[in-house]
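What follows is a short report on a single structure.
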DNA sequence: ATGTCC
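In the working numbering, the protein residues as written are 40 to 521.
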């Protein structure tokens, strides 16, 4: 695909018109600046976005975020809005990693007072937090308890003394989605859930210690508890095997029943059913259960981080306060203004954060007047950003913003051990402590493997497109990953 | 993303 195929809407918005391909239901709108657009057009994600725009019952436009990259079925970095009740729901447009997201903890701990402790912090985090695809948790749950976690989300952790009330107040949806139906989750998923709570997983999931490097919006930063020169912790992870299995189970089921509804999906991984079908209802219940599992997981990990801070920094764990907790892969029923009409919709966000503008109901109370916080982690070891959703986001992107830096080389492509090690080494060279379950196994790397750092371009684009505004930039000090 | 894909 080339620029000549696009209509330029404004400096940061490029449209693939509905007429581009037979079967597209809505245009695709790519949010990108001059620096990012050509890479996006060159990649596989663009074709995937066009296919995703063929899902039945979509309205408005398919939003492509500047940090988009290729995924299964739909790319990672899209928002697809389905009209209620005539539209369809597609698990592949939410993703296998249901409610992968970010928890950010701020603190009043000054970086310069604890510089000597970074190595110990990294070591202890690695010891305390099981990482990697096959990680099993320190918490073993009975099957009935898995259902309680899936029902209660982060509130489960509060009952188990692994959360503070304020953690829930400053979390999207209070860390719990209503109407979760653990009974609609398969036994296989449930057994995985029994073993994996409090684990980080693999891929791009990580825990980082960072410093608040620069504040751009003092008032907002004050409300968020972010101050220049202080230490923060960021947790990027999701629902592990539990959510992955839910997605896989329902894609399979939707593939089987799709033709009963006269639906031919654009691609088998985009199998879908009508929103008001019993299959859709089952999936929504199971997906919310997985989302709650992820909220609980990030809460347990936040608790582990506090424990490590208690140990290493002499009881400083309590000084870590939740800034916000946000999902990057979720589907939700929302009201939106589409082509001048206020309508009930089902919003698929895959690799996109909900970003409701100031005053919108549904934003956690401490932030309702400001707008929803948008947490933008870089790829592990990269600069991260905290932003704030703007009013404009409501119509331009159906209340959504980017989820983090796109990857020019996915960990899937970088699947060779040597590349993984080389990536870690390039971070170490920058003075960042890296602890990885796969590190140190090989130094056969040739070096020179690097993730292109495009997060600044992503953030400039999101700010330029007026989806969110900058609050603070965070600089990584230590990262633990699978 | 993942009891990891041929």
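Positions of the beta carbon are idealized from the N, C-alpha and C atoms, including for glycine.
Taking the beta strand (DSSP E) that residue i belongs to, which residues open and close that run?
i: residue 374; result: 368 to 377
i: residue 441; result: 439 to 441
i: residue 252; result: 245 to 254
i: residue 272; result: 270 to 276
i: residue 146; result: 140 to 146
i: residue 52; result: 52 to 55
i: residue 106; result: 101 to 108
i: residue 426; result: 423 to 428
i: residue 517; result: 507 to 520
i: residue 114; result: Neither: residue 114 is in no beta strand (DSSP E) and is coded neither H nor E.
i: residue 43; result: Premise fails: residue 43 is in no beta strand (DSSP E) and is neither H nor E.
i: residue 475; result: 472 to 475
i: residue 307; result: First-last for residue 307: undefined, no H or E at that position.
Beta-carbon separation of residue i and residue j under 7 Å?
i: residue 509; j: residue 133; result: no
i: residue 440; j: residue 394; result: yes
i: residue 182; j: residue 234; result: no
i: residue 189; j: residue 219; result: yes
i: residue 494; j: residue 429; result: no
i: residue 522; j: residue 252; result: Nothing can be reported for residue 522, as the shown portion of the chain is limited to 40 through 521.
i: residue 366; j: residue 140; result: yes
i: residue 90; j: residue 305; result: yes
i: residue 135; j: residue 283; result: yes
i: residue 88; j: residue 67; result: yes
i: residue 147; j: residue 337; result: no
i: residue 143; j: residue 414; result: yes
i: residue 145; j: residue 498; result: no
i: residue 364; j: residue 356; result: no
i: residue 237; j: residue 176; result: yes
i: residue 432; j: residue 506; result: yes
i: residue 518; j: residue 245; result: yes
i: residue 368; j: residue 192; result: no
i: residue 106; j: residue 116; result: yes
i: residue 347; j: residue 167; result: yes
i: residue 403; j: residue 209; result: yes
i: residue 19; j: residue 277; result: Residue 19 lies beyond the residue range present for the chain, which begins at 40 and ends at 521; the question has no answer from this structure.
i: residue 178; j: residue 385; result: no
i: residue 256; j: residue 111; result: no
i: residue 516; j: residue 249; result: yes
i: residue 130; j: residue 334; result: no
Tell me which residue opens and which closes the alpha helix (DSSP H) that residue i is part of.
i: residue 386; result: Counting along the chain, residue 386 falls outside any alpha helix (DSSP H), though it belongs to the beta strand (DSSP E) covering 380 to 389.
i: residue 123; result: Unbroken run through residue 123: none, as it is neither H nor E.
i: residue 89; result: 83 to 91
i: residue 206; result: 204 to 208
i: residue 349; result: 317 to 351
i: residue 15; result: Outside the modelled stretch of the chain, which goes from 40 to 521, sits residue 15, for which no answer is possible.
i: residue 281; result: 279 to 296
i: residue 262; result: 257 to 263
i: residue 500; result: 494 to 503
i: residue 435; result: 432 to 435
Does the beta-carbon of residue i have 16 or more other beta-carbons within 10 angstroms, so that it is buried, or is it exposed?
i: residue 42; result: exposed
i: residue 521; result: buried
i: residue 512; result: buried
i: residue 408; result: exposed
i: residue 459; result: buried
i: residue 268; result: exposed
i: residue 56; result: exposed
i: residue 480; result: Here residue 480 scores only 49 on pLDDT, less than 50, and its place in the model is too uncertain to base an answer on.
i: residue 387; result: buried
i: residue 442; result: buried
i: residue 372; result: exposed
i: residue 64; result: buried
i: residue 303; result: exposed
i: residue 470; result: exposed
i: residue 482; result: Caution applies to residue 482, whose pLDDT of 42 falls short of 50 and renders its modelled position unreliable; the model cannot decide the point.
i: residue 58; result: exposed
i: residue 103; result: buried
i: residue 435; result: buried
i: residue 73; result: exposed
i: residue 217; result: exposed
i: residue 485; result: Summary for residue 485: the model assigns pLDDT 43, below 50, so the residue's position carries little reliability, and this model does not support an answer.
i: residue 186; result: buried
i: residue 370; result: buried
i: residue 81; result: exposed
Taking only heavy atoms of the ligand COA into account, decide whether any of them is closer than 6 Å to the Cβ of residue i.
i: residue 367; result: You won't find the ligand COA in this model; it holds no ligand whatsoever.
When the Cβ atoms of the segment 395 to 405 are set against those of the segment 289 to 298, are three or more pairs found closer than 8 Å?
-> Inter-segment contact for the segment 395 to 405 and the segment 289 to 298 is absent: fewer than three beta-carbon pairs are separated by less than 8 Å.
Stretch pair the segment 202 to 222 + the segment 147 to 154: three plus CB contacts closer than 8 Å = The segment 202 to 222, when compared against the segment 147 to 154, does not touch it at the 8 Å Cβ threshold.
Can at least three beta-carbon pairs, one atom from the segment 335 to 345 and one from the segment 191 to 206, be found at a separation below 8 Å?
-> Cβ pair count under 8 Å is three or more, so yes.
Are the segment 306 to 323 and the segment 117 to 130 touching, with three or more C-beta to C-beta distances below 8 Å?
-> A contact exists between the segment 306 to 323 and the segment 117 to 130.
Run through the segment 157 to 231 for me and flag every whole alpha helix (DSSP H) of 4 or more residues, listed as ranges in chain order.
-> Counting only runs of 4 or more, we get 157 to 167, 182 to 191, 193 to 198, 204 to 208.
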